[in-house]
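In the numbering used here, the protein residues as written are 7 to 490.
C-beta atoms are modelled at their ideal positions from N, C-alpha and C, and glycine is treated no differently.
All figures in this text were calculated on a predicted structure; none of them were measured in a lab.
Just below is one structure, and these are the notes that go with it.
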């Protein structure tokens, strides 16, 4: 836990919170709010925060190098996170809000299967109260279907509508110039008359995605300069909920005034100590982020004092609380996600052996992939970079569908190309560490070589025109191989 020196002993006041007030799209000069009770002289707010969950609903093996070089066999999980959140809420006697800073899905084992719905239902069950739009929220459709922008945007609207919490993003507009459907630039919460605003910002890099066709992205820092004064008219305290990365968060804080704190995401940064940026008024703005995949829960405590010029941040501290095996599952959350996870917990097959180290597991998983591709296609050789195109590896001999989709979340296809033995050798030289299945024949006669479609073009430079798509999903290919 990182603590800042306490200048004053501050009283903590607990009162029930009214509903969130969302900023209207036309933002009139003044916005009406319910008559607030007299404000206290001090106010403490706790933000429980996550970012870059990427569809990690169930516990999984993970190495957090900042804590230990050893792999922890079971970190994270939505049901555990819920238990920890409820324990903290029972102990914290000041207003508390649970927020996420974006990239709730995509690359997770269930994300593509349910186009983000399973991830949002997990967040609903856990009790999230606010979320930022991340770049991966625009990728609800499988990455292999990235040109289907209408499908991706439909998936985005579906999850936003399904969420039982509001979304914020101030720097993206729809093709008609209006805000994204169901998204507000900022929202305001009130506790005992203190109005706290949350301004959403996302990375501009999403503008390059085929899935965002028709959307207009503006620079998040320039957007903040426009929206901070507007939001400030409606709130006493303003916090940015961003998905732009820790470096950009620093530039955001340094290039603006009016933000009291930043809760960030996108760079997957484990900030064991909050960043402290000095804004254009010479005031420190703390920045927090809690890594990735829900292996931790961030707790960000902020205490403000009321003075002649309004509310001023006086003390803050942030800690990342590990989510590990000592935390039990919340039964209601486990039940809520079970309909989505149950089909994936069935066994897909058995490995010849399980690896003892991350490197060995990566090699074994890749070897299974290339052996499976060669068998499925009848090719003489199959090639893939070790770990290429994967987001994990098999940890146990018995492989479940969840394990399979964790390692290979995208519906890439097996493709073949006809190459000479010399051309195959040049590819291996080009990509050292490649895993091969089969023997490169002697002589000059060309043979069939199997690849993962994306790896063939992006890593080996095989022209797309030279590839034949077999139509076989690599996950089905591996499943069939392991089950025999």
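Determine the DSSP secondary structure at residue 471, reduced to helix, strand or coil. helix
Classification of residue 2 by the beta-carbon crowding that lies within 10 angstroms, buried from 16 upward: This structure does not reach residue 2, given that the chain is present from 7 up to 490, and the question cannot be answered.
Where do the N-terminal and C-terminal ends of the alpha helix (DSSP H) with residue 487 fall, by residue? 480-488
When you compare each of 313, 311, 273 and 309 to residue 296 by their alpha carbons, which one comes out closest? It is 273.
Whole-angstrom distance between residue 222 and residue 353, CA atom to CA atom: For residue 353 and residue 222, the distance between alpha carbons rounds to 44 Å.
What residues in its chain sit with their C-beta under 7 Å from that of residue 72, if we drop five residues either side in the sequence? 276 and 278
When the Cα atoms are used, what is the spatial distance from residue 463 to residue 469? In a straight line, the C-alpha of residue 463 is about 6 Å away from that of residue 469.
Do you know how far the Cα of residue 120 is from the Cα of residue 344? Taken atom to atom, the span from the alpha-carbon of residue 344 to that of residue 120 is near 13 Å.
Residue 284 classed as buried or exposed, judged by whether at least 16 other C-beta atoms fall within 10 angstroms: exposed
Is it the case that the Cβ atoms of residue 132 and residue 91 are separated by a distance below 8 Å? yes
State whether the region 403-411 contacts the region 112-119, with contact taken as three or more CB pairs (one from each stretch) at a distance under 8 Å. Taking a cut-off of 8 Å for Cβ pairs, the region 403-411 and the region 112-119 touch, as three or more such pairs fall below it.
Compute the Euclidean distance between the alpha carbons of residue 397 and residue 84, then round it to the nearest angstrom. A direct Cα-Cα distance of roughly 19 Å separates residue 397 from residue 84.
Could you please give me the residues that DSSP links to residue 325 through a beta bridge? 305
Express the C-alpha separation of residue 322 and residue 473 in angstroms, rounding to a whole number. Answer to the nearest angstrom: the Cα atoms are 57 Å apart.
Residue 160 to residue 108 span [Cα, whole Å]: 18 Å
Just to confirm my understanding: we take residue 475, look at its own chain, exclude 5 residues before and 5 after, and list those with CB closer than 7 Å. What are they? 419, 421 and 459
With a threshold of 8 Å on Cβ separation, who are the neighbours of residue 391 within its own chain once the five nearest residues in sequence on each side are excluded? If we look at residue 391 and ignore the five residues flanking it on each side, its Cβ neighbours are 372, 437, 439, 440, 441, 461 and 465.
Throw me the rounded Cβ distance for the residue 450 and residue 427 pair, which I believe falls under 8 Å. 7 Å
Residue 430 by DSSP, collapsed to three states: which one? helix
On a Cα-Cα basis, can you pick out the residue from 95, 62, 162 and 97 that is closest to residue 81? 62
Extent of the continuous alpha helix (DSSP H) to which residue 377 belongs: 364-383
Neighbourhood of residue 317 by C-beta, 6 Å cutoff - its chain only, sequence neighbours within 5 removed: 242, 243 and 310
Closest by C-alpha distance to residue 423, when choosing among 74, 374, 413 and 456: 456
Assuming residue 293 contacts residue 326 under a Cβ cut-off of 8 Å, what Cβ separation, rounded to an integer in Å, is found between them? Incorrect: roughly 14 Å between the Cβ atoms, too far for contact.
Which residue wins for smallest C-alpha separation from residue 188, given the options 482, 164 and 280? Just measuring C-alpha positions, the residue of 482, 164 and 280 sitting nearest residue 188 is 164.
Taking the alpha-carbon positions, what's the residue 332 to residue 58 distance? 23 Å
Thinking residue 381 and residue 387 are a contact (beta carbons under 8 Å), I'd like their distance in whole angstroms, please. In fact, because the Cβ distance is near 12 Å, the residues do not count as touching under 8 Å.
For residue 316 and chain C, any beta-carbon pair shorter than 8 Å? Of the protein chains in the structure, only one exists, and it is not chain C.
Using the C-alpha atoms, what's the distance from residue 54 back to residue 199? 21 Å
Can you give me the Cβ contacts of residue 31 inside the same chain, cut-off strictly under 7 Å, excluding the 5 residues immediately before and after it? A caution first: residue 31 carries a pLDDT of 42, below 50, which makes its placement in the model too unreliable to give a value.
If you run the structure through DSSP and keep just helix, strand and coil, what is residue 106? strand
Let me know the secondary structure DSSP gives residue 71 once reduced to three states. coil
Considering Cα atoms alone, identify which of 399, 453 and 434 is closest to residue 484. 399
Please report the distance separating the alpha-carbon of residue 178 from that of residue 211. 11 Å
Hey, how far is the Cα of residue 270 from the Cα of residue 435? 41 Å
Would you call residue 172 buried or exposed, if buried means 16 or more other Cβ atoms sit within 10 Å of its Cβ? buried
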